[in-house]
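Here the working numbering is used: the first residue of the sequence shown is 636, the next is one more, and so on.
All C-beta atoms, glycine included, are put in the ideal place defined by N, C-alpha and C.
Small disclaimer: the values here were computed from a predicted structure and weren't measured.
Let me begin by presenting the structure, written as structure tokens, before commenting on it.
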Amino acid sequence: MNFDANLQRDAQGKLFIPGSQRADGSWRPNKYVKEGYVPQDEVDSYRSKGKIFAEGVKAVGVPGYNGPAKQEERLTNADLSSKSKMSKNQKKRQKKKEKKNTDEFQIEEVTDQITEKVADLKVSSETDQTPLMWRKRRKPC
């Protein structure tokens, strides 16, 4: 819509928007405007610098991204676990994990040895089988 078609000049050369007739029949007064006036309906909505930049990034893509990597260039899990590429905390966690695995293995070995020894034990019939609470206490001399 070309708004300049609605603008008029009065006898003194000032620009104005001519008044219009209301539904009840009365007239609105003329509205004087400056040169270069653009009505509010035709003004674009405000866009911040950040929003403009974000739209530009979407069009370009992620800065520094050159497309999908070739199969040979992709990192394998072995490369990721190498200590040279790990951060300090990742190295610490990896070391803790390895220690935990070795500890669990040692615990399993010890429990197997204990169960074998317990299985070899025989209960003698000479020991008193009565519960402790039923046994009489002996008074020390």
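Exercise. So, helix, strand or coil for Glu669, using DSSP?
Worked result: Start at 1 with the first residue of the sequence shown, and residue 669 comes out as number 34. Rather than Glu, the amino acid found at residue 669 in this sequence is Lys. If DSSP states are grouped into helix, strand and coil, Lys669 belongs with coil.
Exercise. On the three-state DSSP scale, how would you describe Arg657?
Worked result: Working through the sequence shown from its first residue, we reach residue 657 at position 22. Correct three-state label for Arg657: coil.
For this session: State the DSSP-derived secondary structure class of Gln675, mapped to helix, strand or coil.
Result: Translated into positions along the sequence shown, residue 675 becomes position 40. Annotated three-state conformation of Gln675 is helix, per DSSP.
For this session: Just grab the DSSP bridge partners of Phe651 for me.
Result: Locating residue 651 in the sequence shown gives position 16, counting from the first residue. Answer is Gln643 and Tyr667, bridged to Phe651.
Problem set entry | the segment 681-688 / the segment 657-668 touching (three or more Cβ pairs under 8 Å) | At 8 Å Cβ cutoff, the stretches do not touch.
For this session: Using the Cα positions of Pro674 and Gly654, report the straight-line distance between them to the nearest angstrom.
Result: On the sequence shown, residue 674 is found 39 positions in, with the first residue counted as 1. On the sequence shown, residue 654 is found 19 positions in, with the first residue counted as 1. Annotation: Pro674 to Gly654 spans about 15 Å, alpha carbon to alpha carbon.
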